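The structure under discussion appears below in the form of structure tokens.
Number of protein chains: 2
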Amino acid sequence: MQRKFIRGEETRLRILRTAADLFHKQGVRATSPDEIIEASRTGKGQFYHYFKSKAGLVHEVLQEYLDAIQAGRAPLSYEIASWKDLERWFLTQIELQKSYQMTRGCPFGTIGNEVTENDELIRQDLSLIFELVKNKLAAFFVKEKAKGRLTRRANPEELADFCIATIQGAMLMGKIKRNSMTAESAAHQALAHLKSYSVKPNR
Amino acid sequence: MQRKFIRGEETRLRILRTAADLFHKQGVRATSPDEIIEASRTGKGQFYHYFKSKAGLVHEVLQEYLDAIQAGRAPLSYEIASWKDLERWFLTQIELQKSYQMTRGCPFGTIGNEVTENDELIRQDLSLIFELVKNKLAAFFVKEKAKGRLTRRANPEELADFCIATIQGAMLMGKIKRNSMTAESAAHQALAHLKSYSVKPNR
DNA sequence: CTGTATTTGTACTCATAAGTACAAGTGAGG
DNA sequence: CCTCACTTGTACTTATGAGTACAAATACAG
Chain A
0 MQRKFIRGEE TRLRILRTAA DLFHKQGVRA TSPDEIIEAS RTGKGQFYHY FKSKAGLVHE
60 VLQEYLDAIQ AGRAPLSYEI ASWKDLERWF LTQIELQKSY QMTRGCPFGT IGNEVTENDE
120 LIRQDLSLIF ELVKNKLAAF FVKEKAKGRL TRRANPEELA DFCIATIQGA MLMGKIKRNS
180 MTAESAAHQA LAHLKSYSVK PNR
Chain B
0 MQRKFIRGEE TRLRILRTAA DLFHKQGVRA TSPDEIIEAS RTGKGQFYHY FKSKAGLVHE
60 VLQEYLDAIQ AGRAPLSYEI ASWKDLERWF LTQIELQKSY QMTRGCPFGT IGNEVTENDE
120 LIRQDLSLIF ELVKNKLAAF FVKEKAKGRL TRRANPEELA DFCIATIQGA MLMGKIKRNS
180 MTAESAAHQA LAHLKSYSVK PNR
């Protein structure tokens, strides 16, 4: 009895993906259920059958992002094993943004900026995502440090947070200016700073 | 005939300020004219008498921010004449954020993240604000460089953009995590990086 | 081939968003 | 003291947002 209820699962996924895309494009608030329903070629029936509310859908969208990052299904790799990987991590995000002609920001940042005190659950979902990303970045710095390739001063978590903050700011500015140059140069500045912690191992 | 039509100007300002505060708190999209009207203790009549539409109001709010920065009426100083000033520029923004218990981000970033392709005018208003800020920051780096206190490599505009991107990202993360620590450490990292361009003048 | 679980479609509801229409009030200059 | 520009109040209007109700279709289990 393996493949049961597949039809519905596909519908659910179609709604989820469409919603994620619209949220990324224009934010949560600006996206109505009706718009998601039309873009996903479904109906009210399905929408509220598979999701209990719009807020519930947002939660599931974020959950899916989290899972994707954990499972390596995200459009960029969060597994950093080298400085080259880290550079890719920065630049790929801007490349993705360019693929939308700089009209979008980071999907998480976009949603994050909309949260108010009434969206506590959403805020926590986002916190979790950023926590996960931070840990993945910090893991790299920890390893480098263990190998004696980072100065004693370097604090892995702090550096990881710095990476996230910079790329978020860079992408936001990129979207506002509709121009990738400042985003790219901010990323390069950040990378230069990070590398300044790097030292030649003694042996 | 100096003081004529003051009553109306006060009403207009009250609406403008209330709107700015609500936009900062919860974003533009989440703020309805009715909410602004109620919070400013006015009425529909006044609202549409003094502003042609909600979009027009947003534009005027941003215009007012721009003027305030130019006139030095902003809640933080954008006139940077020393590294100390620059540090203050970074940290004051986070202090302001703390005064709202980390429930808000940067007023410009908050609005900026909401813009879509239908808000071209608003996007341009924001671009102008950031351009102004960038120029003020860049002016400092230009002066330092002229005095031989920055390495030849240092590109003032690029450094200014880096400042803006970092503080924007830091404040966004601060809001999402509802916690100032990462924002503060990101700001310190950024400052450390900027200072790394600083050199002792030869004479 | 029939009953039950799942999936889908359509019509309705109720509140809010954004704006209009227009009447009435206010107040300074002549 | 009257008039006209400015200011304010209240009642519509029309569209959209978010969700409910419920019937019909479909699909597999036995």
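Order-wise, the sequence lines are chains A and B.
Numbering that gives the first Met the number 0 applies: residue 0 is where the first sequence begins, and numbers increase by one.
Numbering that gives the first Met the number 0 applies: residue 0 is where the second sequence begins, and numbers increase by one.
Ideal placement from N, C-alpha and C gives every residue a C-beta, glycine not left out.
Values in this document were obtained by computation on a predicted structure and should not be read as measured data.
Less than 8 Å between CB atoms is the rule here; does residue i satisfy it with respect to chain B?
i: Asn112(A); result: yes
i: Ser184(A); result: yes
i: Arg87(A); result: no
i: Gln188(A); result: yes
i: Gly44(A); result: no
i: Asp20(A); result: no
i: Arg72(A); result: no
i: Glu34(A); result: no
i: Ala145(A); result: no
i: Ile79(A); result: no
i: Gln167(A); result: yes
i: Gln25(A); result: yes
i: Thr109(A); result: yes
i: Thr115(A); result: yes
i: Glu37(A); result: no
Give the secondary structure of residue i by DSSP, where H, G and I count as helix, E and B as strand, and everything else as coil.
i: Ser76(A); result: coil
i: Ser52(A); result: coil
i: Ser223(B); result: Here chain B covers residues 0 to 202 and nothing more, so residue 223(B) does not appear.
i: Ser197(B); result: strand
i: Asp118(A); result: coil
i: Gly44(B); result: helix
i: Glu156(B); result: helix
i: Glu113(A); result: coil
i: Gly168(B); result: helix
i: Ser184(A); result: helix
i: Ser179(B); result: coil
i: Cys162(B); result: helix
i: Ser39(B); result: coil
i: Arg103(A); result: coil
i: Gly108(B); result: helix
i: Gly7(A); result: helix
i: Gly173(A); result: helix
i: Ser126(B); result: helix
With a threshold of 8 Å between beta carbons, is residue i in contact with chain A?
i: Ser126(B); result: yes
i: Leu171(B); result: yes
i: Lys53(B); result: no
i: Ser195(B); result: yes
i: His192(B); result: yes
i: Phe140(B); result: no
i: Ile93(B); result: no
i: Arg177(B); result: yes
i: Arg151(B); result: no
i: Gly104(B); result: yes
Are residue i and residue j closer than 8 Å when you measure CB to CB?
i: Gly168(A); j: Ala185(A); result: yes
i: His65(A); j: Ile128(A); result: Per the sequence presented here, residue 65(A) reads as Leu, with His not at that position. Yes.
i: Thr41(A); j: Arg6(A); result: no
i: Ala18(A); j: Val60(A); result: yes
i: Ser81(B); j: Arg148(B); result: no
i: Ile93(B); j: Ile110(B); result: no
i: Phe139(B); j: Ile79(B); result: yes
i: Lys43(A); j: Ile36(A); result: yes
i: Thr165(A); j: Thr165(B); result: yes
i: Tyr49(A); j: Arg11(A); result: yes
i: Gln96(A); j: Ser179(A); result: yes
Among the options, whose alpha-carbon lies nearest the alpha-carbon of residue i?
i: Asn112(A); options: Thr10(A), His23(A), Lys199(A); result: His23(A)
i: Val132(B); options: Leu12(B), Ile68(B), Lys51(B); result: Ile68(B)
i: Thr115(A); options: Gly26(B), Ile166(B), Arg13(B), Ile14(B); result: Gly26(B)
i: Ile175(A); options: Lys83(B), Ala70(B), Gln123(B); result: Gln123(B)
i: Leu190(B); options: Leu125(B), Leu136(B), Ala29(B); result: Leu136(B)
i: Gln188(B); options: Glu63(A), Ile93(A), Leu158(A); result: Leu158(A)
i: Glu119(B); options: Ala19(B), Ala18(B), Ala54(B); result: Ala54(B)
i: Ser39(B); options: Phe50(B), Arg16(B), Lys51(B); result: Arg16(B)
i: Met101(B); options: Ala182(B), Asp160(B), Asp33(B); result: Ala182(B)
i: Thr150(B); options: Ser195(B), Glu130(B), Asn134(B); result: Ser195(B)
i: Trp88(A); options: Leu75(A), Ser98(A), Pro106(A); result: Leu75(A)
i: Gly173(B); options: Ile163(A), Ser179(A), His58(A); result: Ile163(A)
i: Ser126(A); options: Gln45(A), Phe107(A), Glu143(A), Asn117(A); result: Phe107(A)
Look up residue i in the DSSP assignment and give the residues it is bridged to.
i: Ser98(B); result: DSSP output for Ser98(B) lists no bridge partner at all.
i: Ser31(A); result: Per DSSP, none; premise fails for Ser31(A).
i: Leu61(A); result: DSSP, once it has assigned bridges, lists no residue as partnering Leu61(A).
i: Leu149(A); result: Ser197(A)
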